[in-house]
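Residue numbers (mature numbering (1 follows the signal peptide of the UniProt record, and there is no 0)): -17 to -1, 1 to 173.
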């Protein structure tokens, strides 16, 4: 009798497990960009950021100091680099507004920098001119990716430079305080 009860209990456990186990569907594959690729950790430095980019500060921010904002994506996915191999991008280059990592500026606008997303696309900044506040933005992307970058200035939402049709479009000069960065995979909404 004991053996019979044991086998009935065992059978019921198997039936219960089969009935209650949900059908598991694998999530759709994400782009490689959301992988565990290395990223540069950039910490917020709000007070320093505000002195250059926030019009509410006593100095009002220098109208010719370049400031950047992401309208799509953020700095959390990038590898940040500069020409100076000894420079720490977090401490020596970037001033980030807050933990959202969407708005930033740089400590010294005369120093070039690059932002790279998963080795697939790069945005490079260089050539700051103090008298005019103008600087150059260069974009590039690998041929086999649909990761796209485009940049607009604060005067309009028109794209000043875009990697849609060209892997290495010509560099552009931007002469407004703010530049807007758009970084995303074509066809995906995040």
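Don't be surprised by glycine CBs; every beta carbon is placed ideally from N, CA and C.
All of these numbers come straight from a predicted model, not from anything done at the bench.
Which of helix, strand or coil DSSP assigns to residue 109: strand
Identity of the residues DSSP links to residue 125 by a beta bridge: Answer by DSSP bridge pairing: none, since residue 125 is not bridged.
Pick from 27, 121, 159 that is closest to residue 98, judged by C-alpha positions: 121
Nearest residue (CA-CA) to residue 91, options 146, 116, 37: 116
C-alpha distance - residue 127 paired with residue 165, whole-angstrom precision: 19 Å
Cut-off 6 Å between Cβ atoms - residues of its own chain near residue 132, not counting five sequence neighbours on either side: 104, 106, 122, 146, 166
Separation of residue 159 from residue 178, as counted between CA atoms: What the structure shows of the chain is the stretch from -17 to 173, and residue 178 is not part of that stretch, so it cannot be assessed.
Assigned exposure category for residue 162 - 16 Cβ within 10 Å defines buried: buried
Per DSSP, cross-strand counterpart(s) of residue 145: 133
For residue 156, three-class secondary structure by DSSP: strand
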